[in-house]
Amino acid sequence: MKLGLYHIQLMRYYEEVLAQAVRNYAFTGDKKWEMRYRAVEPMSDGLLKDAIANTDEKIKPFFIVMDKANMRLVKMEYGSIDLVNEGKKEQAIDLLESKEYADQRKVLAGGLEDFITKIESKTFSSDDLSDIMIPSVQQIIELERKLAVMEDNLKKEKLFAIGELSARLAHDIRNPLSVIKTSINILVSKGDVDAKTMEMYERMERAVERITYQIDDVLNFVKPRVSSLKNTSLDEILASVLARIEIPKTVVMTTPTKNIEFVGDIISLEIVFVNLITNALQAINNSGEITISADVQNEKIIIKIHDNGPGMPSDVVPKIFDPLFTTKQTGTGLGLTSCKTIIEQHGGHIEVESAVGKGTTFVVTLPYRRII
Ligand SMILES: Nc1ncnc2c1ncn2[C@@H]1O[C@H](COP(=O)(O)OP(=O)(O)OP(=O)(O)O)[C@@H](O)[C@H]1O
Ligand SMILES: [Mg+2]
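Per our numbering, the very first residue in the sequence shown carries number 336; after that it's consecutive.
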């Protein structure tokens, strides 16, 4: 059978749940047997239930099947250990070799014989058990690592291709756009037109503004570029950003009380805040509160942009930094991609806290490079 995208997705889900269970529990105690058990347990209980609750209908049955498979693994291991302890080695082998446990047998590192020898050799010293369990845990971790690298490479390739295309587009659109812009300005300044025509000019102007935003603040910054670090301050950056964005009177805009002077790439950081504030304005639909706060902690500048908009559903949150992800009719879905690129180029990172009904907060963390 050829694996389709759907199957790969299923496998990915399972691996994530499994890897998480292992990460959370397998290395936390020193009683290895208990750890082994616990590595399986949270997957069949809490974690699995969470996963099932947040998973779409098609994937749910897969979890349930995996859950059963893991419960069987625990049963097989415990069952055979008990039998060996009771001196019933033959029965233990029968159990381990039974058809029912065909799949479970495969995960015993070193094979069946080895497993039995280890049980017999007594008394499940934690080292023995770690020999039994660790290889399978390591395999899982290795698999997880490989998948992460693959996914990361895929994302990078995708971003690179989009970056190349955007840079070319941005360059090619700029010239004809400035012709349109100047021509509208000339027409408007001539005056002497009826209200309806004037309204049309204004609509054209707004449309041109929108394209300009997409080029200057979005398309042009998807690809990392050489940054030019200069002395600047948060006040300076925000003042210039707020001069560029029209904030309606129906919006309560709170800016940080404390200024922070630092070294950064002014132009690209302005792009970040234009994007984040534009998103916030769109989220509150031009009416509500936007609060920007800033602080320095442990040599890091932490800037938070909060809006009291509708917040994002939990299935949207993990996707918002992906290139081309948008929930808007006129969005390109590249705004947050360029923010992430720029912030990471500064050696910082950007995160989001958002939930439906609770608004959204973007947290930008930058290394604090002091002005010399
Ligand atoms: N403050 C916010 N509140 C709610 N959702 C948000 C917020 N900011 C971003 N999002 C979500 O993240 C998505 C991606 O944002 P991004 O800025 O990358 O693209 P966009 O705003 O859709 O388009 P563009 O920025 O190109 O105009 C948005 O479509 C929206 O669903
Ligand atoms: Mg945006």
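We put the CB at the ideal spot given by N, CA and C, even for glycine.
None of the values given here were measured: they were computed from a predicted structure.
Looking at C-alpha atoms only, which residue of the options is the closest neighbour of residue i?
i	options	result
R705	I638, T585, I595	I595
S765	I454, K410, T452, E421	The chain is shown only over 336 to 707; residue 765 falls outside these bounds and no answer can be derived.
D551	L616, A618, L512, V528	L512
I637	N620, I685, P645	I685
G682	V699, S689, T695	V699
T547	I508, P653, T589	I508
Under 8 Å Cβ to Cβ from residue i, same chain only, skipping five residues before and after it: list those, please.
i	result
V419	A427, I451, I454, E455
N621	P583, T585, V586
V484	none
I619	V586, I625, D642, N643, G644
K493	P658
Would you report the Cα separation of residue i and residue j, rounded to the nearest angstrom?
i	j	result
S628	A496	35 Å
K565	K531	47 Å
K367	A437	With a pLDDT of 36 at K367, under the threshold of 50, the modelled position of that residue is not reliable, and the figure given next carries that caveat. The straight-line gap from Cα to Cα measures roughly 24 Å.
T613	I580	8 Å
L671	N610	7 Å
N510	L669	22 Å
F660	T667	8 Å
I572	I601	7 Å
A502	S562	16 Å
N555	A505	6 Å
R538	T662	24 Å
Q664	V553	16 Å
V651	D657	11 Å
R440	E448	11 Å
L522	V576	28 Å
D417	E435	18 Å
D487	S649	22 Å
Q632	E412	50 Å
Q549	A574	21 Å
Below 6 Å CB to CB, which residues in the same chain sit around residue i once its five sequence neighbours on both sides are set aside?
i	result
T363	The pLDDT assigned to T363 is 26, lower than 50, so where the model puts this residue is not dependable, and the model offers no usable value.
G414	L430
V607	C674, I677
V687	F697
Does the distance from the C-beta atom of residue i to that of residue j stay below 9 Å?
i	j	result
I519	E540	yes
S567	L616	Correcting the residue type first, residue 567 is Thr in the shown sequence and not Ser. No, the pair does not count as a contact, with Cβ atoms beyond the cut-off.
Y703	K635	yes
H641	I655	no
G646	G692	yes
R560	Q680	yes
K525	V543	no
F597	L500	no
Which same chain residues, not among the five before or five after residue i, have their C-beta less than 7 Å away from its C-beta?
i	result
P591	L569, I627, S628, A629
G717	This structure gives no information on residue 717, because the portion of the chain shown stretches from 336 to 707.
G694	H641, D642, N643, G644, G646
G623	V586, D642, N643, G644
- Can you give, in chain order, each stretch of the beta strand (DSSP E) that sits fully within the segment 523 to 591 and has at least 3 residues? 565 to 568, 586 to 589
- Which residues are close to ligand 4, meaning CB closer than 5 Å to any heavy atom, in chain order? As for ligand 4, it is missing from this structure, which binds only ligand 1 and ligand 2.
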